[in-house]
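*Asks:*
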Amino acid sequence: MLFLVLGLALFLGVHSVRIVADGWRTQTLARLGEGPWKGLYSLVSAVGLALIIWGYGLARQQPVALWMPPIGMRHAAALLTLIAFVLLAAAYVPRNAFKARLHHPMVLAVKVWALAHLLSNGTLADALLFGSFLVWAVLNFRAARQRDRVLGTTYAPGTAAGTGATVAVGALAWLGFARWGHAWLIGVAPLGR
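Here the sequence shown is numbered in the working numbering, starting from 927 and rising by one per residue.
#1: Given a cut-off of 8 Å on the beta-carbon distance, is the pair Phe1059 and Leu1034 in contact?
#2: Name, in chain order, the residues that DSSP records as bridge partners for Ala991.
#3: Taking the Cβ atom as the reference point for each residue, do Thr1007 and Ala1109 lie within a distance shorter than 8 Å?
#4: Would you call the stretch 964-984 and the stretch 932-941 touching, i.e. three or more CB-CB distances under 8 Å?
#5: Smallest Cα separation from Val1012: which of Ile1112, Val1095 and Val940?
#6: Smallest Cα separation from Gln994: which of Gln988, Asn1047 and Leu1065?
#7: Give the C-beta separation of Ala1026 and Tyr1081 to the nearest angstrom, bearing in mind that I take them to be a contact with Cβ-Cβ under 8 Å.
#8: Can you give me the Cβ contacts of Ala1069 inside the same chain, cut-off strictly under 6 Å, excluding the 5 residues immediately before and after it?
#9: Please report the Cβ distance between Gly1084 and Ala991, rounded to the nearest whole angstrom; I am assuming they are in contact, meaning their Cβ atoms lie under 8 Å.
#10: So, is Tyr1150 buried or exposed, given that buried needs 16 or more other C-beta atoms within 10 angstroms?
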């Protein structure tokens, strides 16, 4: 569990700099330059992610059950992760209504993904992993919306074509991942085999 917690601290810590120390980030970015800043950021993120994966894998070998989720939560998680994939696609597909309205769909995708996994898993490692990501996403979304208001950020209006493409890309990515990718990466087939 120690490696999982350390990985979460590194990964979410570096991804929280804009939430808790945006001024320091701006000064450090100016002092170091964009390349070194991104390199350091990426290195710490990669180490944190590797520790999360390793620590979570170790914790799954000796799970500590906190609760037993009802069977119906699997269905709720499937629906929520579909929504998360559409929101993730909305971060990249241009001129979609999701980004125009929500402004930060990738962070919302993390929120929905984390909630889905909290509802359908009941171990201590799950609570730590998905609970940490959920708290981070809530705080990050709030901070990003506040920055938008301060800076007067505007987002391009969505189009029917952009929104339709977003839903199609998200749904197809979800189907592929839920059907094959999740079992390959995580060892669990949420839609069965």
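Just so it is clear, CB atoms sit at the ideal spot from N, CA and C, and this is done for glycine as well.
*Replies:* Concretely, from the data shown:
#1: Contact: no.
#2: For Ala991, which the question treats as bridged, DSSP gives the partners Thr1049.
#3: No, the pair does not count as a contact, with Cβ atoms beyond the cut-off.
#4: Cβ pair count under 8 Å is three or more, so yes.
#5: Among Ile1112, Val1095 and Val940, the Cα nearest to that of Val1012 is on Val1095.
#6: Just to set this straight, residue 994 is Met in the shown sequence, not Gln. The shortest C-alpha separation from Met994 is found at Asn1047.
#7: Contact holds; Cβ gap of about 5 Å.
#8: Counting only Cβ-Cβ distances below 6 Å, and skipping sequence neighbours, we find Ile945.
#9: Your pair Gly1084 and Ala991 does not check out as a contact, with CB atoms roughly 43 Å apart and the cut at 8 Å.
#10: Since the first and last residues shown for the chain are 927 and 1119, residue 1150 lies out of range.
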